[in-house]
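Engineer: Mind having a look at this structure? Questions to follow.
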Amino acid sequence: RGRATTTSRSSLPNARSAARFCKRLRRVEEAVMIGRSPNRVDGPLKVGGRAPYAYEQWDAGQPLYGYIVGATIGKGRVTRIDTSPAERAPGVHMVMTHLDAPPQGARDESIPFEYWRALPTLSSPDIHHYGEPVALVVATTFEQARAAAHLVDVEYAAEPGHYDFTAHQDQEYAPEQLIAGLRPDTAIGDFEAGFDAAAIKVDQRYTTPYELSQAMEPPACLAVPEGDDLTVYVATQIVDAARASIAATLQAAGERIHIVTPYVGGGFGSKLRVHAEAMLAAFAARALRQPVKVAQTRQQTFHLTGLRPTSSQRVRLGADQDGRLVALGHEVTMHTNRHIEYAEPTATTTRSLYAAPHRLTRTRLVPLDLPRGEDVRAPGEAPGLLAVESAMDELADAVGMDPVELRIRNEPERDPERGVPFSDRHLVDCLREGARRFDWERRPAKPASLREGRWLVGYGVSAAIRGHFQGPATARVRLNVDGTAVVQSDMTDIGTGTYTILSQVAADELGLPLERVRVELGRSEFPASVGSGGSWGAANSSTAVHRAVEALREKLLIAATSDASSPLHGLDPAGAQFSGGNVHIGHRSEALSEIVARIQPDGVEAEGSTVWMMEDPNYASYSIHTCGAHFAEVRVDVDTAEIRLRRMLGVFSVGRVLNAKTARSQLIGGMIWGVGAALEEQGVVDTRSGAFVTRDLAHYLVPVHADVPEIDAVVLDGFDDKANVLGAKGLGELGICGAGAAVANAVFNATGARVRDFPITLDKLL
Ligand code: MOS
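Numbering of the sequence shown is given in full-length UniProt numbering, commencing with residue 3 and proceeding in unit increments.
Right under this line is the structure:
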């Protein structure tokens with residue numbers, strides 16, 4: 003996409019040596035702020051209600067309100083649509099349907115990631131899933147739009163659709179590739195022979211339900227037209243993708259679309275791409291030449307944002323008497339929307355987790371007429387580890403071995419499928435440290451043997467692993483004449499703490515206090531990044547900021563040491579230190595503000611970038627992951643099978659942590675989501691209509707405070723020098739990886755009953 007991929011460098015003769023010295027010095031100066039726990043720099047704005055989210059951009063002009071009318075069939079077509087009663091309703095400005103929606107660009111599958119592709123909306127009478135938009139009503143107020151939406155009269159020719167995953171599994175097919183270009187199938191050695199010959203075998207099938215990422219802020223958009231330009235305030239994880247997708251859909255030039263998204267209320271994959279609300283707000287704003295805002299209602303999010311596919315996973319583990327794996331097989335079948343394929347990388351987690359000479363992973367898709375699958379936090383790893391780490395617990399039980407020891411026994415020396423070394427793997431350390439902290443030795447060796455009154459008590463463990471990804475990101479850093487710095491990138495902060503960690507990195511490396519750095523994010527006019535997603539945002543953007551500061555330091559040092567009027571003139575930049583807003587060389591120093599005033603009073607700028615991991619040799623030479631271990635204690639009522647989590651601990655290895663507080667929050671959030679996956683969450687579809695009947699947070703259960711009495715996440719000290727110069731890896735999605743299996747395994751340890759159909763609800767346990 004033609005973004006800059008190199009750090010801009012001065013061509014002055016001593017530039018290279020200055021850069022080298024900067025690098026050496028950094029190890030001395032770093033870690034004033036990096037790794038510590040400053041509060042979120044955007045915290046006061048957020049808790050004060052002054053952080054404007056997409057729907058709350060009150061200064062952007064008086065908007066009209068759009069309300070989406072969704073299809074009430076799952077498959078078929080609109081045969082007649084009568085909008086006149088709605089058009090006559092109070093306050094209504096427009097009712098748009100497929101009959102008068104603007105011409106749109108088609109979805110282009112040659113674009114590597116879905117998030118950048120067009121999303122045709124109201125583009126034909128055909129219905130591909132229940133809830134698909136059939137009209138948009140625009141009115142003066144939200145209430146008027148919603149009321150009029152009920153007056154839109156739609157007639158359909160319904161066709162029989164496939165809505166039942168179990169009933170249509172015989173129609174499975176092999177996808178060409180998984181998301182991110184991963185291979186759907188792998189085979190090493192001779193799995194079938196290895197498994198047949200194994201002394202101890204586990205061969206089980208696990209099923210996981212539809213799951214949805216329900217961000218606190220539902221997908222929302224305010225589109226403001228101005229001439230040929232359109233400013234789009236939209237909840238998104240990737241600004242560059244939002245711009246590309248909206249431009250491609252509108253058939254507009256990318257430069258005409260301006261994305262603004264300074265604050266995003268959660269994403270978890272659901273805002274990697276923008277959805278129908280963004281396209282419809284854009285259509286209406288252009289048609290009416292007025293600002294229009296459209297949000298999905300909570301109910302609509304269940305059909306209009308993608309969901310995690312339901313899965314059926316066969317796991318086969320063959321081991322010798324000592325629990326050493328000889329054969330490891332993971333075969334996954336998932337649903338996909340019939341028209342827009344989505345293949346979650348669910349079997350891929352198994353590829354780097356345990357040693358075994360004979361290995362097999364396999365992915366198949368069952369086409370259904372349901373909303374399309376999309377990334378939901380830890381896409382693939384979360385459901386994949388639920389199955390594989392349950393199976394490992396079954397193996398420990400079959401071998402008669404402690405499940406922590408079983409995992410340690412199967413620790414690979416190198417990546418077992420790629421054959422390359424791990425960059426920085428401490429799974430065994432996580433397991434041992436977690437076992438120590440959790441008092442794992444108190445676990446009853448025999449299931450259902452520890453009872454406290456009406457409660458059966460059990461302990462469970464699970465491993466966590468997640469690939470570390472890197473994509474292109476550019477950041478710009480400007481040092482102002484007043485001695486403050488400004489960092490700019492189109493990177494987003496989806497509640498994860500981007501503003502804070504980038505402030506920390508820039509402050510440390512410029513030797514400025516945190517409050518003298520201002521981070522500006524989430525605008526398409528800033529240097530482009532691949533945003534927040536796949537747990538790559540923190541590492542990409544902090545590395546880009548680091549490189550930008552590196553280039554900026556170089557400019558400042560060259561200017562100062564080569565300028566006769568500087569106290570640093572003629573000194574060797576090798577001795578330079580940046581601290582307290584000054585550059586020090588030996589006993590002499592000069593204020594950063596003075597250097598800026600002399601060389602460029604309107605501010606000195608530099609940019610820094612990261613590249614796709616395919617272009618980074620470390621990613622070919624090493625297997626780069628984060629990992630961890632989860633421990634859970636549950637109690638189960640002997641009569642009612644009520645399951646209560648008692649406590650949970652995760653110990654993680656993620657390289658270097660940028661902010662200990664936001665890191666822990668991310669990890670705990672993921673772990674809690676894992677509790678939900680084990681015990682509560684499930685999207686239930688009405689297999690007659692293709693409608694989800696769990697359509698709000700009263701029916702789609704997620705853990706609440708009372709479900710999570712005691713939880714902690716601990717991160718081992720680390721630095722992965724193969725991942726990037728800061729040694730940091732993303733951790734947002736690691737917390738959920740494996741977490742549910744620790745809970746499920748604790749339920750087994752408590753009761754002796756194994757439930758393989760998630761979530762583990764009481765009816766299945768009784
Ligand atoms: Mo990630 S699926 O963007 O949480």
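From the three backbone atoms N, C-alpha and C, an ideal C-beta is built for every residue, glycine too.
Taking the alpha-carbon positions, what's the Leu681 to Thr351 distance?
Structural biologist: For this step, residue 681 is matched to residue 679 along the sequence shown. For this step, residue 351 is matched to residue 349 along the sequence shown. The straight-line gap from Cα to Cα measures roughly 22 Å.
Engineer: Kindly list the residues whose CB is nearer than 8 Å to the CB of Glu111, restricted to its own chain and excluding five residues on each side of it in sequence; keep chain order.
Structural biologist: Here residue 111 refers to the residue found at position 109 of the sequence shown. Closer than 8 Å at Cβ, skipping near neighbours: Arg119.
Engineer: For Thr628 and Asp714, what's the separation of their Cα atoms in angstroms?
Structural biologist: Taking the sequence shown and counting its residues from 1, the one referred to as residue 628 is at position 626. Taking the sequence shown and counting its residues from 1, the one referred to as residue 714 is at position 712. About 18 Å.
Engineer: Determine which residues share a DSSP beta bridge with Cys629 and list them.
Structural biologist: The residue given as residue 629 occupies position 627 in the sequence shown. Note: Cys629 sits in a beta bridge opposite Ile467 and Ser655.
Engineer: Given that a residue counts as buried once 16 or more other Cβ atoms are within 10 Å of its Cβ, and exposed if not, what is Trp538?
Structural biologist: Taking the first residue of the sequence shown as position 1, residue 538 is located at position 536. Buried.
Engineer: Below 8 Å between beta carbons: does that hold for Ala679 and Ala384?
Structural biologist: Translated into positions along the sequence shown, residue 679 becomes position 677. Translated into positions along the sequence shown, residue 384 becomes position 382. Taking 8 Å as the Cβ cut-off, Ala679 and Ala384 qualify as a contacting pair.
Engineer: Please report the straight-line C-alpha distance between Asp709 and Leu647, rounded to a whole angstrom.
Structural biologist: Locating residue 709 in the sequence shown gives position 707, where the first residue counts as 1. Locating residue 647 in the sequence shown gives position 645, where the first residue counts as 1. Going by the C-alpha atoms only, they are around 7 Å apart.
Engineer: Once DSSP output is grouped into helix, strand and coil, what is the label at Asn751?
Structural biologist: Numbered from its first residue, the sequence shown carries residue 751 at position 749. Three-state DSSP puts Asn751 in a helix.
Engineer: Flag this pair as yes or no: are the beta carbons of Tyr344 and Arg374 separated by less than 8 Å?
Structural biologist: Taking the sequence shown and counting its residues from 1, one reaches residue 344 at position 342. Taking the sequence shown and counting its residues from 1, one reaches residue 374 at position 372. Taking 8 Å as the Cβ cut-off, Tyr344 and Arg374 qualify as a contacting pair.
Engineer: Does any heavy atom of the ligand MOS sit closer than 7 Å to the C-beta of Asp230?
Structural biologist: Taking the sequence shown and counting its residues from 1, the one referred to as residue 230 is at position 228. The answer is no for Asp230.
Engineer: Counting only runs that start and end within the stretch 505-541, where is the alpha helix (DSSP H) found for 4 or more residues in a row?
Structural biologist: None, since the stretch 505-541 contains no complete alpha helix (DSSP H) of that length.
Engineer: Drop a sphere of 10 angstroms on the beta-carbon of residue 800, count the other beta-carbons inside from all chains shown, and report buried for 16 or more, exposed for fewer.
Structural biologist: Nothing about residue 800 can be reported from this structure: the residues present for the chain run from 3 to 768 only.
Engineer: At the level of alpha carbons, what is the spacing between Val489 and Arg478?
Structural biologist: By one-based count along the sequence shown, residue 489 stands at place 487. By one-based count along the sequence shown, residue 478 stands at place 476. Going from the Cα of Val489 to the Cα of Arg478 covers about 6 Å.
Engineer: I'd like to know if the stretch 592-604 and the stretch 688-706 are in contact, where contact means that at least 3 CB-CB pairs between them fall below 8 Å.
Structural biologist: Too few Cβ pairs lie closer than 8 Å, so no.
Engineer: For Gly460, decide whether its Cβ has a neighbour in chain D, counting only Cβ atoms nearer than 8 Å.
Structural biologist: Considering every chain present, this structure includes no chain D. It has just one protein chain.
Engineer: What span of residues does the beta strand (DSSP E) with His586 cover, start to end?
Structural biologist: Residue mapping note: residue 586 aligns to position 584 of the sequence shown, counting from 1. Its beta strand (DSSP E) spans residues Asn584 to Ile587.
Engineer: Which of helix, strand or coil does DSSP assign to Gln301?
Structural biologist: As a working note, residue 301 is residue 299 in the sequence shown. Gln301: helix per DSSP, three-state reduction.
Engineer: If you run the structure through DSSP and keep just helix, strand and coil, what is Asn41?
Structural biologist: For the purposes of this step, residue 41 is taken as the residue at position 39 of the sequence shown. Residue state, collapsed to three classes: coil.
Engineer: For Glu116, I'd like the list of residues in its chain whose CB is within less than 7 Å of its CB, leaving aside the five on either flank, ordered along the chain.
Structural biologist: Residue 116 sits at position 114 when you count from the first residue of the sequence shown. Closer than 7 Å at Cβ, skipping near neighbours: Arg275.
Engineer: Does the pairing of the stretch 218-227 with the stretch 272-288 give three or more beta-carbon distances under 8 Å?
Structural biologist: Touching, per the Cβ criterion.
Engineer: For Glu644, name the three-state secondary structure that DSSP assigns.
Structural biologist: By one-based count along the sequence shown, residue 644 stands at place 642. In this structure, Glu644 counts as coil in the three-state DSSP scheme.
Engineer: DSSP three-state label for Thr563, please.
Structural biologist: The residue labelled residue 563 in the question sits at position 561 within the sequence shown. Three-state result, Thr563: helix.
Engineer: Are the beta-carbon atoms of residue 1 and Val547 separated by less than 8 Å?
Structural biologist: Outside the shown range of the chain (3 to 768) lies residue 1, about which nothing can therefore be said.
Engineer: Should Phe115 be listed as close to the ligand MOS, given that the test is whether its C-beta is under 7 Å from any heavy atom?
Structural biologist: Numbered from its first residue, the sequence shown carries residue 115 at position 113. It does not: the Cβ of Phe115 is nowhere closer than 7 Å to a heavy atom of the ligand MOS.
Engineer: Is Lys663 helix, strand or coil when you go by DSSP?
Structural biologist: The residue given as residue 663 occupies position 661 in the sequence shown. Helix.
Engineer: With DSSP as the reference, label Met35 as helix, strand or coil.
Structural biologist: In the sequence shown, the residue the question calls residue 35 occupies position 33. Note: Met35 maps to coil in three-state DSSP.
Engineer: Counting C-beta neighbours from all protein chains within 10 Å, is the total for Leu768 16 or more, i.e. buried, or is it exposed?
Structural biologist: As a working mapping, residue 768 is identified with position 766 in the sequence shown. Classification of Leu768: exposed, given that the 10 Å Cβ count is below 16.
Engineer: What is the residue span of the alpha helix (DSSP H) that Glu194 lies within?
Structural biologist: Counted from its first residue, the sequence shown places residue 194 at position 192. Taken as a continuous stretch (DSSP letters only), the alpha helix (DSSP H) holding Glu194 covers Phe193 to Ala199.
Engineer: Can you tell me whether Arg379 sits near the ligand MG, meaning its C-beta is under 7 Å from at least one heavy atom of the ligand?
Structural biologist: In the structure shown, the ligand MG is absent; the only ligands present are the ligand MOS.
Engineer: For a minimum of 3 consecutive residues, which ranges assigned as the beta strand (DSSP E) are wholly contained in the stretch 65-91?
Structural biologist: With a minimum length of 3 residues, the continuous beta strand (DSSP E) runs that stay inside the stretch 65-91 are 66-72 and 78-84.
Engineer: Taking Pro619 as part of the alpha helix (DSSP H), name the residues at either end of that continuous run.
Structural biologist: As a first step, residue 619 must be located in the sequence shown, where it is residue number 617. It spans Pro619 to Ser623 - the alpha helix (DSSP H) in which Pro619 sits, taken as one unbroken run.
Engineer: Do you know offhand how far Asp441's Cα is from Gly734's?
Structural biologist: Position 439 of the sequence shown holds residue 441. Position 732 of the sequence shown holds residue 734. Approximately 27 Å between the Cα atoms of the pair.
Engineer: Within 10 angstroms of its Cβ, does Asp324 collect 16 or more other Cβ (buried), or is it exposed?
Structural biologist: As a first step, residue 324 must be located in the sequence shown, where it is residue number 322. With fewer than 16 Cβ atoms within 10 Å of its Cβ, Asp324 is classed as exposed.
Engineer: Cβ atoms of Val430 and Glu413: under 8 Å apart, would you say?
Structural biologist: The sequence position of residue 413 within the sequence shown is 411, counting from 1. The sequence position of residue 430 within the sequence shown is 428, counting from 1. Against a cut-off of 8 Å, the Cβ pair of Val430 and Glu413 comes out as a contact.
Engineer: Alpha carbons only, please: which of Gly382, Arg468, Ala151 and Val638 is nearest the one belonging to Gly455?
Structural biologist: Working through the sequence shown from its first residue, we reach residue 455 at position 453. Nearest of Gly382, Arg468, Ala151 and Val638 to Gly455, Cα basis: Val638.
Engineer: Given a cut-off of 8 Å on the beta-carbon distance, is the pair Leu232 and Ala287 in contact?
Structural biologist: Translated into positions along the sequence shown, residue 232 becomes position 230. Translated into positions along the sequence shown, residue 287 becomes position 285. Yes. Within cutoff.
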